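Read in order, the letters of the sequence shown are residues 1 to 374 in UniProt numbering. Idealized CB from N, CA, C, for every residue including glycine. Keep in mind the model is a prediction, meaning the values are calculated, not measured. To keep things clear, I will list the structure first and then write my remarks on it.
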Amino acid sequence: MTSIKIAQIRKRDGRVVDFDQEKITKAVWAAAQAVGGRDRRLAQRLSNRVVAMLEEKFPREIPGVEDVQDLVEKVLIEEGHARTAKAYILYRKQHESLRKIKTTFLEVEKIVSDYLSQIDWRVRENSNIGYSMSGLMLHVAGSVVTDYTLDRIYSMEIADAHRNGDIHLHDLYFGITGYCAGWSLSKLLYEGFNGVPGIIESKPAKHLDTALLQMVNFIGTLQNEWAGAQAFNSIDTYLAPFIRKDKLSYREIKQAIQKFVFNVNIASRWGGQSPFVNLTFDWTVPRDLARKPIVWGGKLLEETYSEYQKEMDSINKAFMEVLIEGDMKGRPFTFPIPTYNLTRDFDWKNGNAKLLFDMTAKYGLPYFSNFINS
């Protein structure tokens, strides 16, 4: 056997161990036998050449396992042993698959253990997810998706930067799906909640409580397909006609809004969390909708939204009162997060304006879209 100047080799896990040329010889011999080879001395000679190339390429460094295997392939091809090289490459792939299976099993075991003992920082990455069985299921599945996202979507440089803690990529549990989505409430009111074969379908709503419950079902269905918020715009504008059609009292309006808020906070998302919901309120009828026909019961009627400011005021008042009151213990609702459009014609003298800023001062709940200076 050729004298070995290389004394050590670096394993895939980073450990440094004694270099053993016999392992190279055995691997080459096994590949040769797989394609009918019978000369073990040839395997030894090829092994010697691999070692010589290692000594030349790594005179003062410790080579890694992959470095050695790359040179084995190179030597086999250069020496004209294409069939043996192909068998050796297949051998590498098979062992790589076996290592991945073993690693995956060990990683899953560690992922579960780390969650149960709460030592994995990702257990608390999302403040809306509680420590629960549902949270564990999301954690395990999300950890797999995280690795897939880093390996298949991001570049190696970005993935390494995240894994090394140089940068942080948030919400990688949902790394292969979209982040947030805005939906047309007008379309939901016009078409109803339907269209998926084999799933229960609903006609367009004719009543306020029906419209609100269809919104809850819509959000509850779609939020599992997205990482972040699900949003509806112009809530007060589009829902206002239902109040007049049903001749609802303010008490009935508030009761319907309260049902909606409690229902949308049900933990129906992976991880035992409520859907992340954002609702935008116009406050006053926007110019682009003022002359449009209202949508009711899946039909476009003759009335326009400009006729329903009074009903919009009632919706806004009821919604803000429900949020200010909170749940049975007075705790604020996490969702929905309301967004209010501030325009140059914003009615600051409207009685609801004080209620809006009382709610803001108490919980800091709303977002504001500043259209005054934009």
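Strictly under 8 angstroms for the Cβ-Cβ distance: is I253 near chain D by that measure?
The structure shown contains no chain D, having only a single protein chain.
Helix, strand or coil for F232 per DSSP?
Looking at F232 - three-state DSSP - the assignment turns out to be strand.
Can you check which of these residues, R10, R38 and N352, is closest to K310 by C-alpha distance?
Minimum Cα distance to K310 is reached at N352.
Three or more C-beta pairs under 8 angstroms: does that hold for the region 172-190 against the region 142-161?
The region 172-190 vs the region 142-161: in contact.
By alpha-carbon positions, which one of P336, E325 and R287 ends up nearest to A267?
Restricting attention to P336, E325 and R287, the CA atom closest to the CA of A267 is found in P336.
Could you check which residue in L150, G64 and E56 has the C-alpha nearest to that of V16?
The shortest Cα separation from V16 among L150, G64 and E56 belongs to G64.
Alpha helix (DSSP H) runs contained entirely in the region 186-233, provided each spans 4 or more residues
Assignment of alpha helix (DSSP H) within the region 186-233, counting only whole runs of 4 or more residues, yields 208-222 in chain order.
Considering only DSSP beta bridges, list what R10 is partnered with.
DSSP links R10 through a beta bridge to V16 and G64.
Exposure label - S274; buried when at least 16 CB within 10 Å
By the 10 Å Cβ count, S274 comes out buried.
F260 beta carbon less than 8 angstroms from that of V295:
Contact: no.
Three-state secondary structure (DSSP) of W348
Residue state, collapsed to three classes: coil.
Go ahead and label S314 buried or exposed: buried means 16 or more other beta carbons lie within 10 angstroms of its beta carbon, across all protein chains shown.
Buried is the call here.
Pull the bridge partners of L300 from the DSSP assignment, please.
Among the bridge pairs identified by DSSP, L300 is matched with V295.
Please classify L116 as buried or exposed, where buried requires at least 16 other C-beta atoms within 10 Å of its C-beta.
Around the beta carbon of L116, fewer than 16 other beta carbons sit within 10 angstroms, so the residue counts as exposed.
Grouping DSSP H, G and I as helix and E and B as strand, with all else coil, what is I337?
If DSSP states are grouped into helix, strand and coil, I337 belongs with the strands.
For G142, count neighbouring Cβ atoms within 10 angstroms of its own Cβ and tell me buried if that reaches 16, exposed if not.
Classified as buried, G142 has 16 or more neighbouring CB atoms from the shown chains inside 10 Å of its CB.
Proximity of V277 and I219 at Cβ, strictly below 8 angstroms
Going by C-beta atoms, V277 is nearer than 8 angstroms to I219.
Using a 10 Å radius around the Cβ and a threshold of 16 neighbouring Cβ atoms, would you call A211 buried or exposed?
Of the other Cβ atoms in all chains shown, 16 or more fall within 10 Å of the Cβ of A211; this residue is therefore buried.
Can you tell me which residues form a DSSP beta bridge with residue 378?
Because the chain here runs from 1 to 374, residue 378 falls outside it and cannot be looked at.
T146 (DSSP reduced to helix, strand or coil)
Helix.
For N278, write down the residues that DSSP places opposite it in a beta bridge.
N278 pairs with A231 and I337.
Residues of its chain near L355, where Cβ-Cβ distance is below 6 angstroms and the 5 sequence neighbours each way are ignored
Cβ neighbours of L355 beyond the five flanking positions: M320.
By the DSSP assignment, the beta strand (DSSP E) with W29 in it spans what residues?
Run containing W29: none in the beta strand (DSSP E); it sits in the alpha helix (DSSP H), Q21 to A34.
Have a look at E79 and R10 and give me their C-alpha separation to the nearest angstrom.
The C-alpha of R10 is placed about 26 angstroms away from the C-alpha of E79.
Where do the N-terminal and C-terminal ends of the alpha helix (DSSP H) with A290 fall, by residue?
For A290, the enclosing alpha helix (DSSP H) begins and ends at R287 to A290.
Member of Y154, W226 and T237 whose CA lies at the smallest distance from the CA of G182
Checking every option, the nearest Cα to that of G182 belongs to W226.
Assess contact between the region 287-306 and the region 149-164, defined as three or more Cβ pairs (one per stretch) separated by less than 8 angstroms. Is contact present?
The region 287-306 is not in contact with the region 149-164.
Does the structure place the region 24-40 close enough to the region 81-100 that three or more beta carbon pairs sit under 8 angstroms?
Cβ pair count under 8 angstroms is three or more, so yes.
Bridge partners - W183, DSSP secondary structure assignment:
DSSP, once it has assigned bridges, lists F232 as partnering W183.
Identify, in the order they occur along the chain, each residue of the same chain with its Cβ nearer than 8 angstroms to the Cβ of D347, setting aside the five sequence neighbours on each side.
For D347, where only same-chain residues beyond five positions count, the Cβ hits under 8 angstroms are W283, T284 and A353.
Give me, in chain order, the residues of the same chain whose beta-carbon lies closer than 8 angstroms to that of Q8; leave out the 5 immediate sequence neighbours on both sides.
Around Q8: V16, V17, D18, F19 and I62.
Can you tell me which of the three DSSP states Q273 falls into?
DSSP places Q273 in strand when its eight states are reduced to three.
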